[in-house]
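**Student:** Protein sequences, first through last, are from chains W and D. Position 465 of the first sequence, counting from 1, maps to 465 under the numbering used here, and the rest follow consecutively. Heads up, the numbering used here is the position in the second sequence plus 525, with the first residue counted as 1. Even glycine gets a Cβ: it sits at the ideal position worked out from N, Cα and C. My structure is below; once you've seen it, I'll send some questions.
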Amino acid sequence: MDAITLEIFKSLFSAVAEEMGAALGRTGLSTNIKERRDYSCALFDAQGRMVAQAAHLPVHLGSMPASVAAAIEHVELGPGDVAILNDPYLGGTHLPDITLVMPVFVTQDGRESIAGYVANRAHHADIGGASPGSMPLVTDLFQEGLVIPPVKLVERGVIDRQLLALICRNVRTPEERRGDLTAQIGCAQLGARRLAETVDQYGLEEVAQHMQGLLDYSETMTRDAIRRIPSGRYAFQDVLDGDGLTDEPVPIRVEVIIEGDTLTADFSGSAPQTAGPVNAVLAVTQSAVLYVVRCVAGESAPANQGCLAPVRIVAPEGSVVNATRPAAVSAGNVETSQRIVDVLFGALAQALPERIPAASQGTMNNLAFGGYDPVRRRPFAYYETIGGGMGARPSLPGDSAIHTHMTNTLNTPVEALEFDLPVRVREYSIRRGSGGRGRHAGGDGVRRSLEFLAEADCTIVSDRRTSRPYGLAGGEAGASGRNLIRRKGYDVDEETPAKTRIALSPGDVLTIETPGGGGWGEAVP
Amino acid sequence: MPATPRVPAVVGVDIGGTFTDFVVLPSERDGALRVHKVLSTPDDPARAVLEGMRELGIGQGVAVVHGSTIATNAVLERKGARTALVTTAGFEDVLEIGRQDRPSLYDLDASRPEPLSPRELRFGARERIDSQGAAIEPLSDAGARDVARRVLDAGVESVAVCLLFSFLNPDHERRIRDALIEAGAGTYVYLSSEVLPEYREYERTSTTVVNAYIAPVVHRYLARLRNELGSGLRIMQSSGGSVTAEGAMARPIETISGGPAGGVVGAFHLARMAGHPQMICLDMGGTSTDVCLCPNRVPETAAWELGGLPIRTPAIDVYSVGAGGGSIARIDAGGALLVGPESAGADPGPACYGKGSSPTVTDANLVLGRLNAGYFQGRSQLDAGSGGLTLDPRRAEEALAPIAQRMGTSTMEAAEGVVRVANANMARAIRVISVERGHDPRDFTLVAFGGAGPLHACDLAEALGIPRVLVPLFPGVLSAQGMTFADVSREYSTTVMLRGDGLDLAAADEALAGLLERGRRDLDEMGTPGDAAVAHRAMDLRYAGQSHELTVPYDGENLDQVTAGFHEAHRTRFGYADDGRPVEIVNVRLKLVSPTDRPEPPRNAETRPDAGAACLATLPVVYQGVSHDAKLYARDRLRAGNVVPGPAVVVQYDSTVAVPPGWAATVDPYLNLVMAR
């Protein structure tokens, strides 16, 4: 494929994914989709290989192809059909992430041919299970919520109302789910229409050829980037604070092996899968590796499956980075994925000391709560993640109060939150001094306090509450985070574990202090 | 014979990076438009404005509409005032936290822009309004005095005040202003409940802070111009309307991006007059291209940003892409040809300008013969005194050679590739504002301007199925010309958040009445009769639970009609509507327009099609790898009715128009070039 066509089709395909994303953000119903944009959209070739993804959330990156593969394998998809799934062991990541996959058929020479697939994934604020927000601290998948294997949600353009009813009956906020799923269907149909238009314009074969060309292109770019890393073996280990049930540290270890233009990430030596929900399914580990490779590749290579071609992942089955059914996985996607990135960068920093930043906050500080709102007379379920300190860079300090690595969701505006939910935000500020000191300081974390105005069942899934984001080149580690509760009528805070479930009453104040980023280089005295 | 109606002359003045443009609309109906350019004076932009006015012999009392870059530059170059921010205690960092997202997903070295009001100048006041507008923690007088004193002690020039839910209850913000003024703060105190009484604290804070940050700079600049030019001075706003200098000083934030707004207004008026009210603007400059779709009206948005800072005041809905004449082409590690967003800018400029060596879109156009070294724009004439600007085709070829080598093709093919990739970037931008928003490009006319727009317009039209292209008579000074068309207008909005079963338009009407009263008073104060202004009302609606609103016009319809209008707008924009789902009214909007007199441009009688008298030469131009003999025409010698068959190049003072093979350009009675296949 020539240089001109390559660039033009790169732009065409990513435009489809981006348009899908823009449409989903504007039509979604839940706060999590509309305000926080916790979703991703991508485009796949006829074999289900990811060709283009809109720049949304890295954690969805490497895991979307697994969804499409599962949908192709388990559902007979015809024109106008849309498959739905969230089964982490069959194309999903954790249950709140619901993925829709739609095939794109075009009529050529009088018969229907498959031109590719579009998919979108959105994090739903509730999918049932043991606690509101569906991030429960439990011991297996069945307690985590409704498991949806790959099945048809739309057949020849007609929504399966019975399936939708079944799903909605199993979640705490059915109207919101219905609205979000409707928006996801519209988004998939829009993407399918756009891809079909592209095929109409250029022809099936040419489009297929250019999709292959883009995969090759990303592969070339990635090989080129890997070649620029000094060959060698670089090992690094770090821990999660606990699995959600105990405070026993969960080690995650990687050895990155660079040989010419290939990279192997060997996670042997990482903890066995845990009883609590910090387990990552392989797709999540792949996402984290792809993210790191994509950052190191630097240039404008589209994040597609071609990036993974020169990459080999060794993740022992039954370990915390490749869990097996029915291990609980809700936090694997959001917490363990961050630590996988930390160990990968920690290893690569030995090879590329002038490029790799110190550790960022290394957690998403997941906060989920729900209950019944007596004033608005309706149930509520809410989920958010909170930014923290970015690790300092070799030539720059880290930014404060920002989402790093595997997520990039927005915050919910205080005024939007209070319009919709029985909470009052008491403080939302930068936690000064929490970033690690160094020649370049790590970014500071956040302090966010919520006063509850109704009874709420609340789950916190956070990390780096004991361990700290590492510094590099002599820079200090960032401060660990804290979760604090001040009960109504008391004037002292009690500190809660990193991962916990708490019943809150009106007047109780929950404060989350997120970690700072690590510093880079020795501080100048 | 009736006397020629006499209307006042209007002067449009637009400051650009290199030149400050003047367009003088004559006071006689058939008088010719005058165009004038002087070199910009970035160290003191007013100097070029005043110098140009002197050269034109225009004194006090003449209507002058001016689009200033002062505010934009103050923000981009961080040259605004030392600005304090007063917030609800505990929320001083909202401005810095923003929406907690990072600007670039995979770029480890990216950083967010620094807030305009730094941490040590942000102060908390103990108070709280809740989501119903109730003061659940009242602001004490002592508290107001205390925060005012801390602000004053910090030695700031300007203050923004943004408290939570102040759009529902502005009492605390007002009392803090009173305390600030009592403590000796100057005039630069701005309340979020007045600048932008809408919900979402970060965007409201950002908007209010930008306003405070630029206010002193804008005031000093406008006060000086007002002094020199008199009461005829009006300022172009981002929304496409103009206001008196006094009006602009009251809301400095609305002077941002007045120049580009002038371009859209100019293009829209000229195209509508010529019978093409459905049009898409293509304004291609040196570093970027702005596109804007006008479906019989100039579209507005209230969600845009400047240098990464969100602004929520009304602006023309322009979409920008980093592709311009100066965009640099290169082959990346994966073998793709990239064009932009890096730009050679005006300095060093494209390789063919003689200073730089990076291959750019302009270099590619020169190699292809679509730009001509001997007849390059009017800049060579203007620069004649200062050494001149001639294009060097040899340098352009040298710059493109390495790309051709990497691609294994001829320089000519590489040049065509650069143009194709640049066109693809621009086509994508046009798709975003047309197809993706429910408009079919085939129903539109592409109006091309800016130095480079007319070179690429036909290729773009071809790619998007746009049936015709219009190039106005003066495509290089359209922003200044557009300013002469700008009505006096002022816009207002406020959040009402009407939802639920008892949804009632009475509260919306009441809020609109309040806005109207305030608007008429504002217009009176700035010397434009408020009673004479026409009021346009609109509402921002959404489905219950959504967080993105659509603006729908509102003219006293009943609730059913309002919601029906919303469903329709939603269907157009997003492809579906849900008639059964409840609708919320988030904001109400009011625009007051006071139409200004403006002369109609002269209509020329059409002459014969033969354009031979305007032909200067025959030169080779490359399309699809084939060299064609193309005729070169002088725009100023073309007469109404002339037809220029492609392939041809039309050169003029401020731009170059490419007419590809298979296309023909017709000169219409207003001397626009209208091109079609």
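Comparing C-alpha positions only, which one of W/Gln350, W/Val321 and W/Glu112 sits nearest to W/Gln338?
**Tutor:** When each option's Cα is compared against that of W/Gln338, the closest is W/Val321.
**Student:** Less than 8 Å separating the beta-carbons of D/Val790 and D/Val768?
**Tutor:** No, these two residues do not count as a Cβ contact at 8 Å.
**Student:** Could you round the C-beta distance between W/Gly362 and W/Gly442 to whole angstroms and report it? I think they count as a contact, below 8 Å.
**Tutor:** Between W/Gly442 and W/Gly362 the Cβ distance is about 11 Å, and since that is not below 8 Å, they are no contact.
**Student:** Assign W/Ser360 to buried or exposed, taking buried as 16 or more other Cβ atoms, counted over all protein chains shown, within 10 Å of its Cβ.
**Tutor:** Per the 10 Å Cβ criterion, buried.
**Student:** Taking the alpha-carbon of D/Leu985 as reference, which of D/Arg956, D/Leu677, D/Gly899 and D/Ile706 has the nearest alpha-carbon?
**Tutor:** D/Arg956
**Student:** Can you confirm whether the region 416-432 of chain W touches the region 390-398 of chain W when touching is taken to mean that 3 or more C-beta pairs between the two stretches lie within less than 8 Å?
**Tutor:** no
**Student:** Would W/Arg465 be called buried (16 or more neighbouring beta carbons within 10 Å of its own) or exposed?
**Tutor:** The residue is buried, with at least 16 neighbouring Cβ atoms inside 10 Å.
**Student:** Cβ of D/Ala1060 within 8 Å of Cβ of D/Leu1041?
**Tutor:** yes
**Student:** Do we get a CB-CB distance below 8 Å when we pair W/Ile229 with the residues of chain D?
**Tutor:** no
**Student:** Looking at chain D, which residues of the region 391-410 of chain W have a Cβ within less than 8 Å of any of its Cβ atoms?
**Tutor:** Arg393, Ser395, Leu396, Asp399, Ser400, Ala401, Ile402, His403, Thr404, Asn408, Thr409 and Leu410
**Student:** When the Cβ atoms of the region 608-615 of chain D are set against those of the region 680-690 of chain D, are three or more pairs found closer than 8 Å?
**Tutor:** yes
**Student:** Can you name the residues of chain D whose CB is closer than 8 Å to the CB of W/Ala416?
**Tutor:** Tyr724, Arg725 and Ser1072
**Student:** Using a Cβ-Cβ distance cut-off of 8 Å, determine whether W/Ile8 contacts chain D.
**Tutor:** yes
**Student:** Could you compute how far the alpha carbon of W/Glu176 sits from the alpha carbon of D/Gly1055?
**Tutor:** 46 Å
**Student:** From this set, W/Ala473, W/Ile229, W/Ala498 and W/Leu510, which residue's C-alpha is nearest W/Asp491's C-alpha?
**Tutor:** When each option's Cα is compared against that of W/Asp491, the closest is W/Leu510.
**Student:** Report the rounded CA-to-CA distance for D/Arg1123 versus W/Ala42, giving the unit in angstroms.
**Tutor:** Roughly 51 Å separates the two Cα atoms.
**Student:** Quick check on this structure: which residue in D/Gly765, D/Leu896 and D/Thr885 has the alpha carbon closest to the alpha carbon of D/Val843?
**Tutor:** D/Gly765
**Student:** Report buried or exposed for D/Leu550, applying the criterion of at least 16 other Cβ atoms within 10 angstroms of its Cβ.
**Tutor:** buried
**Student:** For the beta strand (DSSP E) holding D/Glu771, just list the boundary residues, first then last.
**Tutor:** Going by DSSP, D/Glu771 is part of no beta strand (DSSP E) but of the alpha helix (DSSP H) stretching over Ala770 to Ala775.
**Student:** Can you pull the chain W neighbours of D/Ser636, defined as C-beta to C-beta under 8 Å?
**Tutor:** Leu396 and Asp399, listed in chain order.
**Student:** Within 10 Å of its beta-carbon, does W/Leu166 have 16 or more other beta-carbons around it, so buried, or fewer, so exposed?
**Tutor:** Exposed, since its Cβ has fewer than 16 Cβ neighbours within 10 Å.
**Student:** Chain W partners of D/Val867, CB-CB under 8 Å?
**Tutor:** Sequence check: residue 867 of chain D is Glu here, not Val. In chain order: nothing, as chain W lies at least about 12 Å away.
**Student:** Just to confirm the assignment, what range does the alpha helix (DSSP H) spanning D/Asp888 have?
**Tutor:** Val886 to Val892
**Student:** W/Leu215 and W/Val10 - do their beta-carbons sit closer together than 8 Å?
**Tutor:** Going by the sequence as given, residue 10 of chain W is Lys instead of Val. No; because the gap between Cβ atoms is not below 8 Å, this pair is not in contact.
**Student:** Scan the region 470-497 of chain W for residues whose Cβ lies nearer than 9 Å to a Cβ of chain D and list them as they occur along the chain.
**Tutor:** none
**Student:** Whose C-alpha, out of W/Glu76, W/Met364 and W/Gly92, is nearest the C-alpha of W/Leu61?
**Tutor:** W/Gly92
**Student:** What residue range is occupied by the uninterrupted beta strand (DSSP E) comprising W/Asn120?
**Tutor:** Arg111 to His123
**Student:** The alpha helix (DSSP H) with W/Pro103 in it runs from where to where?
**Tutor:** Where W/Pro103 is concerned, there is no enclosing alpha helix (DSSP H), although the beta strand (DSSP E) it sits in stretches over Asp97 to Gln108.
**Student:** Check each residue of the region 612-625 of chain D: if its Cβ is closer than 7 Å to any Cβ of chain W, include it; give the result in chain order.
**Tutor:** Gly615, Phe616, Glu617, Asp618, Val619, Glu621, Ile622, Arg624 and Gln625
**Student:** In chain D, what lies closer than 7 Å to W/Ile430 by C-beta?
**Tutor:** Asp618, Glu621 and Ile622
**Student:** Note down, in chain order, every chain D residue with its Cβ under 7 Å from the Cβ of W/Cys168.
**Tutor:** Under the 7 Å cutoff, chain D gives no residues; its nearest Cβ is about 15 Å from W/Cys168.
**Student:** What does a CB cutoff of less than 6 Å around D/Leu795 pick up in its chain, not counting 5 residues either side in sequence?
**Tutor:** Pro997
**Student:** Hey, D/Ala827 and D/Pro839 are a contact pair by Cβ (cut 8 Å); roughly how many whole angstroms apart?
**Tutor:** 5 Å
**Student:** Per DSSP, D/Ile540 is paired with what?
**Tutor:** D/Thr545
**Student:** For the beta strand (DSSP E) containing W/Asn483, name the first residue and the last one.
**Tutor:** Arg482 to Arg486
**Student:** My guess is that D/Tyr727 and D/Val589 are in contact by the Cβ rule of under 8 Å, so how many angstroms apart are they, rounded?
**Tutor:** Incorrect: roughly 37 Å between the Cβ atoms, too far for contact.
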